[in-house]
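The block underneath contains the structure these notes are about, expressed in structure tokens.
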Amino acid sequence: MKQIIIASFLSFLLATGLSAQAVLTLDKPEIDLGIVYGGSLKKGRMTLKNTGNDTLRIFNVQPGCGCTAIKKPKEFLAPKESDDIEIEFNSVGYRGRVEKDLFISTSDPASQYVVVKIIADVREEMEPTTKTNLVWLGNVPVGGTVTQTVSFRNMSNRPLTIRGTGSSVATVLVKPNKTVVQPKDSVTVQITVKAMRTFYANERFWLELDSKNQPRVDMRVSFIGVAP
Amino acid sequence: MSEAVTLHPRSAWEEAAILVALACVLGFGYTFFMERGFFSPTLSSETLTEGIRLVSADSARTLFHSGAVLFIDSRHTASYDSGHVPGAMSLPADEFDGYRVQFESMPRSQPLVVYCDGEECNSSVAVAIRLTGMGFTNVRTFFGGWDSWMKAGLPIERSDGR
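Residue numbers (the working numbering), protein chains in the order written: chain A, 1170 to 1397; chain B, 4 to 165.
This is the structure we're talking about:
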């Protein structure tokens, strides 16, 4: 009788031990950010829930791109407990439909490595006609200046006003040829840089708009300062 | 007259134990001397696909101090702005077509070292392959990337030159 009780108890422990399992459940299959206007940041979130009967461990949450900052959830989720992954997508440099991956690794045997898509539809109201965000000026003699123009087209259906311009350094000057840009019309912007030393420079400049959707158009300008 | 010798054949359990012990000695010995498991991926080897070589953090540091190589940062521009290898040129993998103009007049023999965030990113490999496709003949990938550069305490620079 004693052996039967011990065997039953051990079987019970074994059975419960084997059946205890953490289960990762996501509240949605992907994080769809919808329309994101160029240059802006947009936040999104996803909820992770442990629907199993054992503690779920979140080993890692890793965005597949430097364009996405994340706030990780708790490392351990008790059964029935949930927590959020918060993400912030930086749309600079993107246009059109963008898909980025978010990698999640957990202790759930069925979801040890999960890939979640982050989707965004990046639009611009003022778009560079070159379709790129970089103005390359090549070699610039130190102490000298180089000027280049870049055009932007108003893609919206209303006039846009350029309220101001700016740059990350004082040696990059930005001068548009008009302040009000009609729908489907273009503005030409003159970019002048001065090289201060023999060095590769990659700087930012921007146009400030009266648009609520896209208050700022960010661009890059790069060049190499060379000995005169 | 010779004495009769009685052989005691080993049991199956004894033979199995000996085989397991030998396998363990071989396995641990291989791992110890080769510094990698037998079935480990060979990413630590010197050559990757398309003839692109991988470099360690130590090699990256040596190449950096030699001044003979150009570092290429394949991360998003926001990451580049927050810190990069001094003198590195920005070439975000997602904007390759817009940024490739920076390299079009560069001598194709220019040694290049491409890096991204670290071992969990792959944009450095993607950019290295595309640079090779542009005709560059000496392209390396610094697989440890920015993470291992930072951990090694190597010099960094922000995009504004600070």
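Backbone N, C-alpha and C fix where the C-beta goes; we use that ideal spot for every residue, glycine too.
Inset, instruction - Scan the stretch 108-119 of chain B for residues whose Cβ lies nearer than 9 Å to a Cβ of chain A and list them as they occur along the chain. - result: Ser108, Cys119
Inset, instruction - Just the chain B side, please: which residues come within less than 7 Å of Gln1281(A) by C-beta, in chain order? - result: For this step, residue 1281(A) is matched to residue 112 along the first sequence. Per Cβ cutoff of 7 Å: no residues; Gln1281(A) is ~16 Å from chain B at best.
Inset, instruction - Give the straight-line distance between the Cα atoms of Phe1392(A) and Gln113(B), rounded to the nearest whole angstrom. - result: In the first sequence, the residue the question calls residue 1392(A) occupies position 223. In the second sequence, the residue the question calls residue 113(B) occupies position 110. Going from the Cα of Phe1392(A) to the Cα of Gln113(B) covers about 17 Å.
Inset, instruction - Check whether the Cβ of Phe1272(A) lies closer than 9 Å to any Cβ atom in chain B. - result: In the first sequence, counting from the first residue as 1, residue 1272(A) sits at position 103. So, interface residue.
Inset, instruction - Could you work out which residue in Thr1301(A), Lys1353(A), Val1230(A), Ile1288(A) is closest to Leu1202(A) when comparing CA atoms only? - result: Mapped onto the first sequence, residue 1202(A) falls at position 33. Leu1202(A) has its Cα closest to that of Ile1288(A), out of Thr1301(A), Lys1353(A), Val1230(A), Ile1288(A).
Legend entry - DSSP three-state assignment for Thr45(B), whether helix, strand or coil: By one-based count along the second sequence, residue 45(B) stands at place 42. Residue placement at Thr45(B) is flagged as unreliable, the pLDDT there being 42, under the threshold of 50; a coordinate-derived value is accordingly withheld.
Legend entry - Beta-bridge partners of Ile132(B), as assigned by DSSP: One-based indexing of the second sequence puts residue 132(B) at position 129. Note: Ile132(B) sits in no beta bridge, so no partner.
Inset, instruction - Measure the beta-carbon distance from Val58(B) to Phe145(B) and round it to whole angstroms, keeping in mind my assumption that it falls under 8 Å. - result: Counting from 1 along the second sequence, the entry for residue 58(B) is found at position 55. Counting from 1 along the second sequence, the entry for residue 145(B) is found at position 142. Contact flag correct, Cβ pair sits at about 5 Å.
Inset, instruction - Note down, in chain order, all residues in the stretch 1252-1268 of chain A with a beta-carbon under 9 Å from any beta-carbon belonging to chain C. - result: The structure shown contains no chain C; the protein chains it does contain are A and B.
Inset, instruction - Report yes or no: do the stretch 1197-1212 of chain A and the stretch 1381-1389 of chain A share at least 3 C-beta pairs separated by less than 8 Å? - result: yes
Inset, instruction - For Ala81(B), return the contacting residues in chain A, with the cut-off set at a CB-CB distance below 8 Å. - result: Working through the second sequence from its first residue, we reach residue 81(B) at position 78. By Cβ distance, chain A contributes Gly1235, Cys1236, Asn1259, Val1261.
Legend entry - Simplified DSSP assignment, three categories, for Ser1355(A): One-based indexing of the first sequence puts residue 1355(A) at position 186. Reduced to three states, the DSSP call for Ser1355(A) is strand.
Inset, instruction - Identify which residue in His87(B), Asp97(B), Met137(B), Leu73(B) has its Cα closest to the Cα of Met157(B). - result: Mapped onto the second sequence, residue 157(B) falls at position 154. Going by the sequence as given, residue 157(B) is Leu instead of Met. The residue with the shortest Cα to Cα distance from Leu157(B) is His87(B).
Legend entry - Terminal residues of the alpha helix (DSSP H) in which Gly148(B) lies: Within the second sequence, the letter at position 145 stands for residue 148(B). Unbroken alpha helix (DSSP H) run through Gly148(B): 148-154.
Legend entry - Sub-9 Å separation of Gly147(B) and Ala19(B) beta-carbons: As a working note, residue 147(B) is residue 144 in the second sequence. As a working note, residue 19(B) is residue 16 in the second sequence. Not a contact, by the Cβ cut-off of 9 Å.
Legend entry - Opposing strand residues paired with Tyr1206(A) [DSSP bridges]: Position 37 of the first sequence, counting from 1, holds the residue named residue 1206(A). Answer is Arg1292(A), bridged to Tyr1206(A).
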